[in-house]
């Protein structure tokens, strides 16, 4: 048996009603019709009739984001919330879903007739179930609010299939079972964007068809989603157009009676095909890569380029928008801190460069000082010698005047003279002591007493003033 393949079908909530039991609400979903879907897949009425029973007991799940505060009206639903988990025994990587069941399909699916947007009758598959109102009142309240406001409550139903037929570029699914059902965020609320049906990175191949054919998709998708659609749009046009059919026509002509092919991926210059044979003599199931070229009206396959390939899968974890917002803030904080670190690093480097430059100058000046040190010593010695000679000459005259040349030549006076040339406390004390010695050398002569003078007192006071006052009269006698 071939490996089962997955496909996604868009679902709309048709109704949500109260029941006599306050713990539950009855819901009805339109699962799919019998026309070619956005992803060029079709399920016939006859095929659906064989599989409707697999819908019963399938869970209805969602991811609920509560309001930021009471009355904020910014609560929302999420997406499939896929993440990588580990098997609790083997430790192998498995796919996990961060959603919770809020209800279950209680009946087999059934076929009913509705009116489409053009007023035409159309047969569709309907699924009925219940939502657990008492356990999830906030989720049920949000769904009812959307439904009462005329907002289409969108969901994704995933099926598994292993039998199909390709004709004229359309994939007819021949055998399938219902696998999963998730209610998606159906409008932009607060920080939560609208989630479009089947928009799941892990199922991007089926997503592209829905995204490209969505009306006004560029206006409704946020920038991130638009980029993803644009990135894969061309691949989709090649994969689900006449090119695929022409590749089948060229390829099938080379196959034997018990061989068949399934083109899984088509790219601009090559495609991947699953070739399998149920011949008893030569049974195989392999994948091959073949190059091709496209002309205006035809394609040519380069069969010489055929090489066997195998599929590798990389699961990407879907990050909730609230977490993504926090991660973006953290990234911005990291960027800001990195900018600060870079600025501080530049400042540090600048300081280090200045320090190194200053250190080099210090070393250079120290070297010059060392080179000039002998000259400085020589100059200071010469200055001291000149000062000493001046002091000796000055004090030599002083001591000679006091007839104390021997005292001047003494070791004590010479030592004081050597110290007197310095402008410090020792120099001042030396000068003071030299001056004290000079003072001590000064000898004062004792004054001689005057001889007694005999004075005669005139008995008469007459002729005291000379008659003539000229020089001869006064000093000739």
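Residue numbers (my numbering): 3 to 479.
Where is the CB? At the ideal position from N, CA and C, for every residue including glycine.
Between the Cα of residue 290 and those of 283, 303, 312, spot the shortest distance and give me the residue it belongs to.
Looking at the Cα atoms, 312 is the closest of the given residues.
Would you grab the beta carbon distance between residue 390 and residue 443 for me? Rounded to a whole angstrom, and I think it's under 8 angstroms.
No, residue 390 and residue 443 are not in contact; Cβ-Cβ is about 22 angstroms, not under 8 angstroms.
Measure from the alpha carbon of residue 146 to the alpha carbon of each residue in 29, 120, 119, then state which is nearest.
The option with the nearest alpha carbon to residue 146 is 29.
Does the beta-carbon of residue 196 have 16 or more other beta-carbons within 10 angstroms, so that it is buried, or is it exposed?
Under this definition residue 196 is a buried residue.
Give me the Cβ distance between residue 64 and residue 79, rounded to the nearest whole Å; I'm assuming they're in contact under 8 angstroms.
Right, the Cβ-Cβ distance comes to about 5 angstroms (below 8 angstroms), so this counts as a contact.
Is residue 141 closer than 8 angstroms to residue 188 when the C-beta atoms are compared?
For residue 188 and residue 141, no; Cβs fall outside 8 angstroms.
Expected contact under 8 angstroms - CB spacing of residue 133 and residue 98 to nearest Å
Incorrect: roughly 23 angstroms between the Cβ atoms, too far for contact.
Could you name each continuous alpha helix (DSSP H) segment of 4 residues or more that falls completely within the region 405-434, going from the start of the chain to the end?
Within the region 405-434, the runs of alpha helix (DSSP H) at least 4 residues long that lie entirely inside it are, in chain order, 407-410, 413-422.
When you compare the CB positions of residue 107 and residue 154, do they come within less than 8 angstroms of one another, or not?
Not a contact, by the Cβ cut-off of 8 angstroms.
Under three-state DSSP, which class holds residue 135?
Of the three classes helix, strand and coil, the one that applies to residue 135 here is coil, per DSSP.
Work out the CA separation of residue 393 and residue 435 for me, nearest whole Å.
Just so you know, the alpha carbons of residue 435 and residue 393 end up roughly 14 angstroms apart.
From the beta carbon of residue 47, is the nearest beta carbon of chain C less than 8 angstroms away?
Looking for chain C here will not work: only one protein chain is present.
How is residue 105 classed by DSSP in three states: helix, strand or coil?
When DSSP states are grouped into helix, strand and coil, residue 105 belongs to the strand group.
So, at 8 angstroms on beta carbons, what are the nonlocal neighbours of residue 305 in its own chain, with the 5 sequence-adjacent residues on each side left out?
Hits under 8 angstroms: 256, 292.
Selection from 271, 297, 194, 387 that minimises the alpha carbon distance to residue 70:
Among 271, 297, 194, 387, the Cα nearest to that of residue 70 is on 194.
Pull up the distance between the alpha-carbon of residue 127 and that of residue 36, whole angstroms please.
Distance between the alpha carbons of residue 127 and residue 36: 8 angstroms.
In this structure, how does DSSP classify residue 121 when only helix, strand and coil are distinguished?
Coil.
Can you tell me which of the three DSSP states residue 480 falls into?
Given a span of 3 to 479 for the chain in the structure shown, any question on residue 480 remains unanswerable.
Identify the residues that DSSP records as bridge partners of residue 78: which are they?
In the DSSP secondary-structure assignment, residue 78 is bridged to 67.
Out of curiosity, what's the CA-to-CA distance linking residue 261 and residue 276?
Whole-angstrom Cα-Cα distance: 11 angstroms.
Measuring CA to CA, which of 425, 408, 426, 432 is closest to residue 419?
For residue 419, the nearest C-alpha among the options comes from 432.
Apply the 10 Å Cβ neighbour rule to residue 209 and answer buried if 16 or more other Cβ atoms are within range, or exposed otherwise.
Confidence at residue 209 is low in this model, with a pLDDT of 30, below 50, so the placement of that residue is unreliable and no value is reported for it.
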